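What follows is a set of notes on a single structure, which appears directly below.
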Amino acid sequence: MRTARSFDLHTHSNYSDGTLGPAEVVERARRCGVELLSITDHDSTSGLADGARQARTLGIRLLPGVEINTNSDKQIHILGYGIRADSGVLQEKLKDYRRRRAARVEKILSQLRDVGLEVGLSDIEGVSKESWGRPHVADALKKKGYVGERQEAFDRYLTLGKPGYVASFGPSPAEAITTIVEAGGAACLAHPGIVRGGLDLHGLKALGLEGLEVFYRSHTRVLTANLKAQAQALGLLMTGGSDFHGPGTGRADIGGVDFPAEDAQILAERFFSLCV
Ligand SMILES: [Zn+2]
Ligand SMILES: [Zn+2]
C-alpha cells in the first residue's frame, strides 16, 4: 500500500487572524513534515512574499493562497489556490474586502460598548498586519479580561443572536469565486463540514467552484467519506488543511492532514507547477 502524504492547504499568518509571521508558518510546517503548504490569509496575499522566501530557503513547496469569507449566513468561505498575487484587479478587490472587514469590526465594537464592554479600535490596531476580523475583537475582549479564550468571546458575544453580532460585509459567494478565477486561481469551498444548512454544490460548481476541502481537521471519518463521494460525483478536486491559526488561538496545529496517495497525486499534478 502506498503511504499517505502530508499536505496542508489551509493556514493563516498574522497578515490576517493568525499569530505567527508567514516565515514562521513555513518553518513550523517544515518541522511538522508538511510537503505542500498554502498560506491562505483572509482577503490578503501580502504575507506570501515572506513565506515564499522562507519556503525556498527550507526547500518546501508553497502554493499561493487566499481565503475569502462571503456574506452568506451559512459560513461559506472560498479558498483560492495558485492565484496571481500580482494581479492589480485582485489586489483592488482584496483591498475593498479588507475595508469592509474594518467597517464591520467598528460596528461590532460599537455594539459591544452599547452593552457596557469597554473595547475600542486602539485595542485592535497593530495586532494584524493587514486584515481585521472577529478573532481580533475576541482577543481584545480576552486582553481586557471579559473572557478567558477566543472561543468564549465568540460564544458569549460575537455569534448570531449575541450582542456583538454583525453579519459579514463580504462579497457574495458568486463574486468571491469570480475574483479567484479571474486571478487565475482554483476556487475551492473551505470546511464544508461547518457550513450551516444545506449545501448547494451543484450551484457553486456552476459559478466556477473547482474543489472541495474534503480533508479538514474537524471532519469525522464518516463526514470525510461522505464529502469524498460528493466531490467524486461532481468531479470536484479534493483539497484539505488544518486551518492553523498559530499558538494562543485554541485551534489545531499545522499539518496532521494526511491525504491518501491517489488523492495527493491528483493535487500534486494540479498544484505543484503553481508553487513559488
Ligand atoms: Zn474559513
Ligand atoms: Zn481559514
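Sequential numbering of the sequence shown, starting at 0, is according to numbering that gives the first Met the number 0.
Built from N, CA and C at the ideal position, the CB exists for glycine as well.
No experiment lies behind these values; they were computed from the predicted model shown.
Out of the options, which has the shortest C-alpha to C-alpha gap to residue i?
| i | options | result |
| --- | --- | --- |
| residue 211 | 245, 148, 176, 122 | 176 |
| residue 101 | 130, 147, 66 | 130 |
| residue 87 | 178, 118, 99, 245 | 178 |
| residue 127 | 275, 15, 200, 250 | 15 |
| residue 117 | 91, 99, 125, 144 | 144 |
| residue 120 | 107, 113, 114 | 107 |
| residue 173 | 215, 187, 115 | 187 |
| residue 227 | 242, 243, 205, 258 | 258 |
| residue 38 | 23, 32, 11, 160 | 11 |
Output yes or no for whether 8 Å exceeds the beta carbon distance between residue i and residue j.
| i | j | result |
| --- | --- | --- |
| residue 4 | residue 230 | no |
| residue 95 | residue 240 | no |
| residue 136 | residue 104 | yes |
| residue 268 | residue 235 | no |
| residue 69 | residue 134 | no |
| residue 275 | residue 51 | yes |
| residue 20 | residue 49 | yes |
| residue 245 | residue 150 | no |
Any heavy atom of ligand 2 closer than 7 Å to the beta-carbon of residue i?
| i | result |
| --- | --- |
| residue 242 | yes |
| residue 135 | no |
| residue 28 | no |
| residue 44 | no |
| residue 189 | yes |
| residue 238 | no |
| residue 9 | yes |
| residue 39 | yes |
Three-state secondary structure (DSSP) at residue i?
| i | result |
| --- | --- |
| residue 68 | strand |
| residue 41 | strand |
| residue 216 | coil |
| residue 63 | strand |
| residue 5 | strand |
| residue 263 | helix |
| residue 239 | strand |
| residue 116 | coil |
| residue 186 | strand |
| residue 75 | coil |
| residue 168 | coil |
| residue 12 | coil |
| residue 154 | helix |
Would you say the beta carbon of residue i comes nearer than 7 Å to a heavy atom of ligand 1?
| i | result |
| --- | --- |
| residue 66 | yes |
| residue 76 | yes |
| residue 175 | no |
| residue 186 | no |
Checklist entry - For the 8 Å Cβ check, are there 3 or more pairs between the region 20 to 28 and the region 250 to 268? => result yes
Next on the checklist: With three or more beta-carbon pairs closer than 8 Å as the criterion, would you say the region 159 to 166 touches the region 76 to 85?
Outcome noted: no
Item to check | At least three beta-carbon pairs within less than 8 Å, the region 139 to 153 to the region 184 to 204 | outcome: no
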